[in-house]
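Q: Starting off with a structure, shown below.
Residue numbers (our numbering): 2 to 270.
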């Protein structure tokens with residue numbers, strides 16, 4: 002799946018088919034009001050056309066370590082957006098943590114460098130930042146409806162509505178795409194995204210939102226950078242990924258600073 006748009010649509014269609022297949026016997030039928038359906042539509046747009054597409058587009062141009070680090074900043078975004086909506090100034094330790102984490106990201110993104118390779122990484126990182134921003138907004142907006150309704154049903158229908166939105170412009174691209182060229186690894190990767198990242202993990206995320214504040218839920222992403230970096234290094238050494246995964250000194254320094262900032266926020270009151 003060389004085209005992130007095609008992959009996003011196929012991923013969404015797989016999830017929608019899975020949720021619809023279980024609706025009525027394992028997943029309750031939806032009982033949303035018109036206002037709640039409107040909120041689900043917004044969540045679906047944030048989730049599929051924005052978050053999932055931007056993530057895959059960014060990953061095409063950037064490297065896994067960058068995506069994991071940027072997603073680990075989700076607690077910062079949730080904290081700042083929540084503070085803005087509630088009009089409450091975060092404490093000084095939290096603000097210090099935010100500044101430290103953003104300083105770490107700047108070190109990783111290296112805006113002072115130039116060159117074709119860095120330019121491509123920066124373009125990919127831009128798409129990843131858009132994905133993270135949409136994920137932050139989704140997390141804030143999904144909190145209320147997940148607490149009022151069944152979190153699994155909310156997950157199912159937000160994804161289904163997101164697919165309905167993205168499907169019409171995708172039809173011509175789907176008709177032209179040659180699915181016979183997709184390798185076995187490509188189909189297995191799609192199955193993993195459908196079953197694990199878009200179904201199981203989304204359900205768990207929304208269930209956590211039902212019982213925990215959004216910032217605490219977002220903190221669960223803290224383990225992504227070190228775990229992803231380790232796996233990327235192993236796969237690069239094995240020849241599965243390109244050798245240069247941008248895992249130099251500046252990346253590790255930025256990762257340490259960013260995660261330190263997130264931990265400070267987590268520990269602060």
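Even glycine gets a Cβ: it sits at the ideal position worked out from N, Cα and C.
1. According to the Cβ coordinates, are residue 258 and residue 104 closer than 7 Å?
2. Counting pairs of Cβ atoms below 8 Å between the region 30-41 and the region 138-150, do you hit three or more?
3. Over what stretch of residues does the alpha helix (DSSP H) that includes residue 185 continue unbroken?
4. Determine whether the beta carbon atoms of residue 137 and residue 218 lie at a separation below 7 Å.
5. If the criterion is Cβ atoms closer than 7 Å, does the pair residue 41 and residue 133 meet it?
6. At the level of alpha carbons, what is the spacing between residue 75 and residue 66?
7. Out of 169, 106, 179 and 216, which has the shortest C-alpha to C-alpha gap to residue 142?
8. How should residue 212 be labelled, buried or exposed, when 16 other C-beta atoms within 10 angstroms of its C-beta is the threshold for buried?
9. Spatial neighbours of residue 10 within its chain, please: C-beta separation below 8 Å, excluding the five flanking residues on both sides.
10. Name the residue from 207, 269, 252 and 58 whose alpha carbon lies nearest to the alpha carbon of residue 7.
11. Just to confirm the assignment, what range does the alpha helix (DSSP H) spanning residue 207 have?
12. Could you say which of 264, 203, 44 and 88 lies nearest to residue 153 if we only look at CA atoms?
13. Is the separation between the beta-carbon of residue 51 and that of residue 159 shorter than 7 Å?
14. Taking Cβ to Cβ, would you say residue 232 is nearer than 7 Å to residue 108?
15. Check whether the Cβ atoms of residue 157 and residue 20 sit closer than 7 Å, and answer yes or no.
16. Pick out the complete alpha helix (DSSP H) segments inside the region 46-97, 4 residues or longer, and give them in chain order.
A: To lay it out plainly:
1. Residue mapping note: residue 258 aligns to position 257 of the chain shown, counting from 1. Residue mapping note: residue 104 aligns to position 103 of the chain shown, counting from 1. Yes, Cβ-Cβ distance for residue 258 and residue 104 is below 7 Å.
2. yes
3. By 1-based counting over the chain shown, the position of residue 185 is 184. Note, residue 185: alpha helix (DSSP H), 185-193.
4. Within the chain shown, residue 137 is the residue found at index 136, counting from 1. Within the chain shown, residue 218 is the residue found at index 217, counting from 1. No. Outside cutoff.
5. On the chain shown, residue 41 is found 40 positions in, with the first residue counted as 1. On the chain shown, residue 133 is found 132 positions in, with the first residue counted as 1. Against a cut-off of 7 Å, the Cβ pair of residue 133 and residue 41 comes out as no contact.
6. As a working mapping, residue 75 is identified with position 74 in the chain shown. As a working mapping, residue 66 is identified with position 65 in the chain shown. Looking at the two C-alpha atoms, the distance is approximately 15 Å.
7. Within the chain shown, the letter at position 141 stands for residue 142. Among 169, 106, 179 and 216, the Cα nearest to that of residue 142 is on 216.
8. In the chain shown, residue 212 corresponds to position 211, counting from 1. Exposed, since its Cβ has fewer than 16 Cβ neighbours within 10 Å.
9. The count along the chain shown starts at 1 and reaches residue 10 at position 9. Taken in chain order, the residues that qualify are 164, 167, 168, 171, 174 and 175.
10. As a first step, residue 7 is located in the chain shown; it is residue number 6 there, counting from the start. Looking at the Cα atoms, 58 is the closest of the given residues.
11. Indexing the chain shown from 1 puts residue 207 at position 206. Residues 202-212.
12. Translated into the one-based positions of the chain shown, residue 153 becomes position 152. Answer by Cα proximity: 203.
13. Start at 1 with the first residue of the chain shown, and residue 51 comes out as number 50. Start at 1 with the first residue of the chain shown, and residue 159 comes out as number 158. Not a contact, by the Cβ cut-off of 7 Å.
14. Stepping through the chain shown from its first residue, residue 232 is reached at position 231. Stepping through the chain shown from its first residue, residue 108 is reached at position 107. No, the pair does not count as a contact, with Cβ atoms beyond the cut-off.
15. Taking the chain shown and counting its residues from 1, the one referred to as residue 157 is at position 156. Taking the chain shown and counting its residues from 1, the one referred to as residue 20 is at position 19. Their beta carbons are under 7 Å apart, which means residue 157 touches residue 20 by this criterion.
16. List check, alpha helix (DSSP H) in window: 54-62, 65-72 and 75-87.
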